[in-house]
Ligand code: PHE
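In the numbering used here, the protein residues as written are 184 to 530.
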């Protein structure tokens, strides 16, 4: 009796069942189990091969051929299924770990110098080229150096110009300007000629506004020697301002008053914002004040150890924060010392 129809039907079912079960396989372990069950030595299709010899001789080729087809079909289905599962596993892993190795790495932001530091260094450089050295003097001063020796006696109304932070030690204050450094430099160098700049933080007990903070950097300029005139003052400061703000900058010297200089002046630059027409930043004047200056008062020269009949000199004091603000059009001075990285990293 022919076994062929029954055998073919059996192989059809082996194939069907194999493919159906493969579709349910979800992972690598399932794949291996499925492979053992459906393609392993004791799997139905392999059993057909090993029992082939028991079939009638003339039917063996047909049975063998059909069994081979089923085996190949199961094998290629297995390869495809494992491929699909591998891809699924990869995309699931990518999703879960959110790691995209093709993304560029995170750049580490290199540090940078504070805007004020950069402005100061430029000021040092420009004055350095004119022969000025940097001279340091203390942030904490005595009343005598901050006021008295600068020709501002105790009850002089000019003391109202600087609202002072006093310490708990009587007579010790936070310097309100860098001018006390003039006395310290003169006392160190007298009777030699001097050309120094004195940078440093100053402190004033003031209302904080967009233009004024309770602490700010000043740079004091000091030149002492024989035959120093107001022309030297004007030439030096004009040269500095042109290098700092550009050769075309318009400048003016306006008479002013300071107890430690005589005559005294303030230097203005044309307002960068409105070009001199008048705007809220320059209070409609068209000019912005950048520094105070003057010829050193004879009493101050004397306090510094120089004979005013023989020596003369000039001094100036400027707020370096103001310089940075003008150059970068910063409209709020408070930004300089609130340490907001979003502001600082723009420079
Ligand atoms: N010390 C003055 C101030 O703080 C500025 C100044 C310095 C003026 C030197 C004249 C000479 O306002």
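Positions of the beta carbon are idealized from the N, C-alpha and C atoms, including for glycine.
What three-state label does DSSP hand residue i in the structure shown?
i           : result
residue 369 : helix
residue 217 : helix
residue 343 : helix
residue 261 : helix
residue 438 : strand
residue 316 : strand
residue 497 : strand
residue 245 : helix
residue 447 : strand
residue 511 : helix
residue 532 : Residue 532 is absent from the model: the chain starts at 184 and stops at 530.
residue 502 : strand
residue 199 : helix
residue 473 : strand
residue 335 : coil
residue 516 : helix
residue 482 : helix
residue 253 : helix
residue 186 : coil
residue 323 : strand
residue 228 : helix
residue 528 : coil
Decide if residue i is buried, meaning its Cβ has at least 16 other Cβ atoms within 10 Å, or exposed.
i           : result
residue 195 : exposed
residue 231 : buried
residue 401 : buried
residue 518 : buried
residue 263 : exposed
residue 241 : exposed
residue 473 : buried
residue 449 : buried
residue 254 : buried
residue 279 : exposed
residue 483 : buried
residue 320 : buried
residue 135 : In the structure as shown, the chain starts at 184 and stops at 530, and residue 135 therefore has no counterpart that could be examined.
residue 334 : buried
residue 160 : This structure does not reach residue 160, given that the chain is present from 184 up to 530, and the question cannot be answered.
residue 267 : exposed
residue 245 : exposed
residue 284 : exposed
residue 249 : buried
residue 480 : buried
Relative to the alpha-carbon of residue i, which residue among the options has its alpha-carbon at the smallest distance?
i           : options               : result
residue 527 : 298, 278, 225 and 328 : 298
residue 465 : 241, 393 and 233      : 393
residue 197 : 434, 211 and 225      : 225
residue 261 : 444, 278 and 221      : 221
residue 509 : 429, 522, 256 and 217 : 429
residue 525 : 434, 292, 500 and 317 : 292
residue 418 : 477, 442 and 395      : 477
residue 312 : 496, 435, 294 and 420 : 420
residue 363 : 218, 282 and 318      : 318
residue 234 : 186, 277, 409 and 373 : 186
residue 251 : 500, 274 and 227      : 227
residue 444 : 366, 270 and 511      : 366
residue 454 : 379, 199, 325 and 471 : 471
residue 521 : 202, 294 and 399      : 399
residue 349 : 387, 215 and 340      : 387
residue 423 : 271, 308 and 354      : 308
residue 188 : 239, 343, 391 and 211 : 239
Would you check if the distance between the CB atom of residue i and the CB atom of residue j is smaller than 8 Å?
i           : j           : result
residue 306 : residue 329 : no
residue 381 : residue 486 : no
residue 437 : residue 415 : no
residue 503 : residue 302 : yes
residue 461 : residue 468 : yes
residue 427 : residue 506 : yes
residue 403 : residue 397 : no
residue 369 : residue 407 : yes
residue 377 : residue 497 : no
residue 488 : residue 395 : no
residue 351 : residue 359 : no
residue 201 : residue 257 : yes
residue 405 : residue 379 : yes
Are there any heavy atoms of the ligand MG lying less than 7 Å away from the beta-carbon of residue i, as far as the coordinates show?
i           : result
residue 413 : Summarising the ligand content, the structure contains the ligand PHE and does not contain the ligand MG.
Enumerate, from N- to C-terminal direction, the unbroken beta strand (DSSP E) stretches of 3 or more residues contained entirely within the segment 368–433. Fully enclosed beta strand (DSSP E) runs of 3 or longer: 377–386 and 398–408.
Along the chain, which unbroken stretches of the alpha helix (DSSP H) at least 4 residues long are found entirely within the segment 269–313? List check, alpha helix (DSSP H) in window: 298–312.
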